[in-house]
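Accompanying notes for the structure given below.
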Amino acid sequence: MKDKLEERVDHRTKEMQQAKGLPEERREEFREQAEQDVRGEKETYDRLKSDPSITTNS
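At position 57 of the sequence shown (counting the first as 1) the number is 40 in the numbering used here, and the numbers step up by one without a gap.
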């Protein structure tokens, strides 16, 4: 069974493929970018969660 992170990466990969017209030959490229995006979002979420004094508004 996939964990939530993997599910989010899969979903993001599909979104990116659909936005570019479903080019299967670029699936690995999209997967790598999706993984970077999702992991970055998780790191930001974890950082904000651990320190409530941090805000996203400048």
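Even glycine gets a Cβ: it sits at the ideal position worked out from N, Cα and C.
Taking 7 Å as the cut-off, is the C-beta of residue i nearer than that to any heavy atom in the ligand PLP?
| i | result |
| --- | --- |
| E(-11) | Ligands in the displayed structure: none, and consequently the ligand PLP is not present. |
Return the residue from the list the options that minimises the CA-CA distance to residue i.
| i | options | result |
| --- | --- | --- |
| R51 | K25, K3 and R9 | Residue 51 is absent from the structure shown; the chain starts at -16 and stops at 41. |
| Q16 | D29, L(-12), S36 and M(-1) | M(-1) |
| E(-11) | R22, P6 and L5 | R22 |
| R14 | S33, T27, H(-6) and D29 | H(-6) |
Can you give the beta carbon distance from residue i to residue j, rounded, assuming they're within the 8 Å contact cut?
| i | j | result |
| --- | --- | --- |
| R9 | K3 | 7 Å |
Counting C-beta neighbours from all protein chains within 10 Å, is the total for residue i 16 or more, i.e. buried, or is it exposed?
| i | result |
| --- | --- |
| T(-4) | buried |
First and last residue of the alpha helix (DSSP H) that includes residue i?
| i | result |
| --- | --- |
| D(-14) | It is not in any alpha helix (DSSP H) - D(-14) carries neither H nor E in the DSSP assignment. |
Task: alpha helix (DSSP H) runs contained entirely in the stretch -10 to 33, provided each spans 4 or more residues - done: Listed in chain order, they are 10 to 33.
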